[in-house]
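> Residue numbers (the working numbering): 11 to 409.
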Ligand code: PMP
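Set out below in C-alpha cells:
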C-alpha cells in the first residue's frame, strides 16, 4: 500500500484513543450482558416526535435536494436571533454558518484560524476529540493543564504565558464543560479574553451545552468587550434539542470568517440536508420550553447525585454546575481512573469514562454521564461509591 498522509495517521497522536472502556461495554452489551452505560453524552430520550414530524413534512414536501451551503436563510436568521437574545451580541445571518454538527464546526473553526504547524491551545481535561480535531486541521495541539482542586478552571495567567511561549494562534475553551460539569465564571472568562487580546489569539468557544446550566448563568465570551471580532462560537442542536444523530450545529463568527468558512464547506461537506435544517428551525421556533423540557432530567439527576455523594466520603465530587456529567475523584482507591473504570465494569457491569480519556489533569478521576433513568443512576452511583469505599479500605490496610 502507498503511504498515507502524516496528517491522517497522526490524528490519534499514536496513543490510546481513550475509548477502550466504552467499546468494551458495547461489546459486552452485544454479547447479551446487561451493562449500565454511563459513558457518552447521549440523551436517554429520543428526538422529540414534533421535531421528527417537522423533518418528515419537510422531506415529503420536497426538501431533499441540495440545500444552500451556508444554511437555509430562515435557519441562519433563527440562530442569529437566538444568539442576539441569549448573549446580547447583535448577530446577523451573515455571522452564521450551519454545519453538520458541533464536531464539524470545531474542525472548520481550527481550519479557518490555524496554519499548518501553528500551535492551538485547549484546556485539559477536554472533550475527547479535541486534540485529534486540531491535528486533523494540521495544527499542533497544546494542553493547558488545570487542577481538580480548582474545579478544573484554567488559570488565565498560564494561558497567556503558554500562548506567548508557543506563539499560539488559538485557544479552545468549553463552558459548560464536558467532562467536568464546570461552568466558567465571569472572572475566568475575562482573564481568558485578556489573554486572547494580549497575545492576538483567536478564541474558539464551544458552547454546545449552553442550555444545561444548573447553577449560575452562562456567559458567552463572545459578549465580552473586543471579543466579538476574535471569537468563533460553536453551537449544536445535539444537546439542546436531543438531535445528536441529525448532525446539525453552527459557527457564529465575524462575517469575513464566515465567508471563508463557506468556501471550506463548499469543498468539504457541501452543507447540511434541507429537511434536517427545517427540523432544526422548527425546534428553535418552539423556544425555551422545549429546551427546558430536554434539560430537565439532567438537572434532576445532577441534584440526585449531589445528595447521594454528600452521604459518603469514598469519592470526591467536582461540583457539577452544568452539562450532563459529574466528575468523581477516585484517587483514594489507589487506582488510576482507567483501572477503576475497568474494575467497576468487570465487577458490577457499570461503565463510566476514565478521567485519563480526557487528559492528564483528570487522571485518577472518572466521569459519570447522567444519561440513564433516575433510579438506575442512583443505584449505580451507590454501587460505585461502595466499590470505591471497599478499595480504599484495602489500600489503607495495605499501606
Ligand atoms: N463539544 C462538546 C464539548 C461535546 O461534548 C460534543 C459532543 N459530545 C461536541 C462538541 C460535538 O457535538 P455534535 O457534533 O454532536 O454537535
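Cβ coordinates follow ideal geometry from the N, Cα and C atoms, glycine included.
Give a yes or no on contact between the region 230 to 242 and the region 34 to 50, applying the rule of three or more CB pairs nearer than 8 angstroms.
Contact fails: fewer than three Cβ-Cβ distances are below 8 angstroms.
> Taking 6 angstroms as the cut-off, is the CB of residue 222 close to at least one heavy atom of the ligand PMP?
Residue mapping note: residue 222 aligns to position 212 of the chain shown, counting from 1. False, no ligand heavy atom lies under 6 angstroms from that Cβ.
> Taking the straight line between their C-alpha atoms, what separation do you get for residue 167 and residue 216?
Position 157 of the chain shown, counted from the first residue, corresponds to residue 167. Position 206 of the chain shown, counted from the first residue, corresponds to residue 216. Spanning the two alpha carbons is a distance of roughly 21 angstroms.
> Assign residue 307 to buried or exposed, taking buried as 16 or more other Cβ atoms, counted over all protein chains shown, within 10 Å of its Cβ.
Here residue 307 refers to the residue found at position 297 when the chain shown is read from its first residue. Label assigned to residue 307: buried.
> Using only the alpha-carbon positions, how far apart do residue 280 and residue 79 sit?
Your numbering for residue 280 matches position 270 in the chain shown. Your numbering for residue 79 matches position 69 in the chain shown. When rounded, the distance between both Cα atoms is 6 angstroms.
> Tell me whether the region 333 to 351 and the region 12 to 21 touch, counting them as touching only if at least three CB pairs, one residue from each stretch, are closer than 8 angstroms.
Cβ pair count under 8 angstroms is below three, so no.
> Should residue 162 and residue 190 be called a contact, given that it needs their Cβ atoms to be closer than 7 angstroms?
Counted from its first residue, the chain shown places residue 162 at position 152. Counted from its first residue, the chain shown places residue 190 at position 180. A contact, by the Cβ cut-off of 7 angstroms.
> Classify residue 335 as buried or exposed, calling it buried when 16 or more other Cβ atoms lie within 10 Å of its own Cβ.
Counting from 1 along the chain shown, the entry for residue 335 is found at position 325. Answer is buried; the Cβ neighbour count reaches 16.
> What residue does the beta strand (DSSP E) around residue 152 start on, and which one ends it?
On the chain shown, residue 152 is found 142 positions in, with the first residue counted as 1. Its beta strand (DSSP E) spans residues 150 to 155.
> Would you say the beta carbon of residue 58 is closer than 6 angstroms to some non-hydrogen atom of the ligand PMP?
On the chain shown, residue 58 is found 48 positions in, with the first residue counted as 1. For the ligand PMP, not one heavy atom lies less than 6 angstroms from the Cβ of residue 58.
> Taking the alpha-carbon positions, what's the residue 383 to residue 70 distance?
Start at 1 with the first residue of the chain shown, and residue 383 comes out as number 373. Start at 1 with the first residue of the chain shown, and residue 70 comes out as number 60. Between residue 383 and residue 70, the C-alpha separation is close to 35 angstroms.
> In or out: residue 225 buried (at least 16 other Cβ within 10 Å) or exposed?
Numbered from 1 along the chain shown, position 215 holds the residue referred to as residue 225. The residue is exposed, with fewer than 16 neighbouring Cβ atoms inside 10 Å.
> Check whether the Cβ of residue 281 lies closer than 6 angstroms to any heavy atom of the ligand PMP, and answer yes or no.
In the chain shown, the residue the question calls residue 281 occupies position 271. No, the ligand PMP has no heavy atom inside 6 angstroms of this Cβ.
> Please list the terminal residues of the continuous alpha helix (DSSP H) segment that includes residue 201.
On the chain shown, residue 201 is found 191 positions in, with the first residue counted as 1. Where residue 201 is concerned, the enclosing alpha helix (DSSP H) stretches over 196 to 208.
> Under DSSP, the beta strand (DSSP E) around residue 121 begins and ends at which residues?
Locating residue 121 in the chain shown gives position 111, where the first residue counts as 1. Element bounds for residue 121: not the beta strand (DSSP E) but the alpha helix (DSSP H), 111 to 123.
> Taking a contact to mean a Cβ-Cβ separation below 7 angstroms, would you say residue 108 touches residue 85 in this structure?
Position 98 of the chain shown, counted from the start, is the residue given in the question as residue 108. Position 75 of the chain shown, counted from the start, is the residue given in the question as residue 85. Against a cut-off of 7 angstroms, the Cβ pair of residue 85 and residue 108 comes out as a contact.
> Considering only heavy atoms of the ligand PMP, does any lie closer than 6 angstroms to the CB of residue 137?
Counted from its first residue, the chain shown places residue 137 at position 127. Yes, Cβ of residue 137 sits closer than 6 angstroms to a heavy atom of the ligand PMP.
> Can you tell me where the beta strand (DSSP E) holding residue 334 begins and where it ends?
The count along the chain shown starts at 1 and reaches residue 334 at position 324. Segment: none, residue 334 is in no beta strand (DSSP E) and carries neither H nor E.
> State yes or no: is the C-beta of residue 218 nearer than 6 angstroms to some heavy atom of the ligand PMP?
Walking along the chain shown from the start, residue 218 turns up at place 208. Result yes, Cβ under 6 angstroms from the ligand PMP.
> Suppose you measure from the CA of residue 124 to the CA of residue 270; what does that come to, to the nearest Å?
Reading the chain shown from its first residue, position 114 is the one you call residue 124. Reading the chain shown from its first residue, position 260 is the one you call residue 270. Computed Cα separation, rounded: 13 angstroms.
> Is it right to say residue 366 is buried, meaning 16 or more other beta carbons lie within 10 angstroms of its own, or is it exposed?
Position 356 of the chain shown holds residue 366. Label assigned to residue 366: buried.
> Would you identify the three-state DSSP class for residue 30, choosing helix, strand or coil?
Numbered from 1 along the chain shown, position 20 holds the residue referred to as residue 30. Residue 30: helix per DSSP, three-state reduction.
> For residue 363, which beta-bridge partners are listed by DSSP?
Residue numbering aside, residue 363 sits at position 353 when the chain shown is read from its first letter. Bridge partners of residue 363: 377.
> Quick one: complete alpha helix (DSSP H) runs, 4+ long, within the region 202 to 289?
Fully enclosed alpha helix (DSSP H) runs of 4 or longer: 247 to 250 and 265 to 276.
> Please confirm whether any heavy atom of the ligand PMP lies closer than 6 angstroms to the CB of residue 113.
Taking the chain shown and counting its residues from 1, the one referred to as residue 113 is at position 103. Residue 113 Cβ: within cutoff of the ligand PMP.
> My output table needs one value for residue 74: the three-state DSSP class, helix, strand or coil.
For the purposes of this step, residue 74 is taken as the residue at position 64 of the chain shown. DSSP places residue 74 in coil when its eight states are reduced to three.
> Skipping 5 residues on each side, what residues in its chain have a beta carbon closer than 6 angstroms to that of residue 387?
By one-based count along the chain shown, residue 387 stands at place 377. So the list reads 311, once near-sequence residues are dropped.
> What I want to know is whether the C-beta of residue 331 ends up closer than 6 angstroms to one or more non-hydrogen atoms of the ligand PMP.
Reading the chain shown from its first residue, position 321 is the one you call residue 331. No; taking the cut-off as 6 angstroms, the Cβ of residue 331 has no heavy atom of the ligand PMP nearer than that.
> Name the DSSP beta bridge partners of residue 52, please?
Taking the chain shown and counting its residues from 1, one reaches residue 52 at position 42. None; residue 52 has no bridge partner.
> Give me, in chain order, the residues of the same chain whose beta-carbon lies closer than 8 angstroms to that of residue 39; leave out the 5 immediate sequence neighbours on both sides.
Residue mapping note: residue 39 aligns to position 29 of the chain shown, counting from 1. Cβ within range, chain order: 45 and 47.
> Could you say if the region 391 to 402 and the region 313 to 333 meet the contact criterion of at least three C-beta pairs nearer than 8 angstroms?
Yes, since at least three Cβ pairs between the region 391 to 402 and the region 313 to 333 fall closer than 8 angstroms, the two stretches touch.
> Okay, do the region 354 to 363 and the region 30 to 37 touch, 3+ Cβ pairs below 8 angstroms being the bar?
Judged by Cβ distances under 8 angstroms, the region 354 to 363 makes contact with the region 30 to 37, as three or more pairs qualify.
> Whole angstroms are fine: how far does the CA of residue 403 sit from the CA of residue 246?
Reading the chain shown from its first residue, position 236 is the one you call residue 246. Reading the chain shown from its first residue, position 393 is the one you call residue 403. So the two alpha carbons sit approximately 44 angstroms from each other.
> Indicate the three-state DSSP secondary structure (helix, strand or coil) for residue 404 in the structure shown.
Along the chain shown, read from residue 1 onward, the residue named residue 404 stands at position 394. Three-state result, residue 404: helix.
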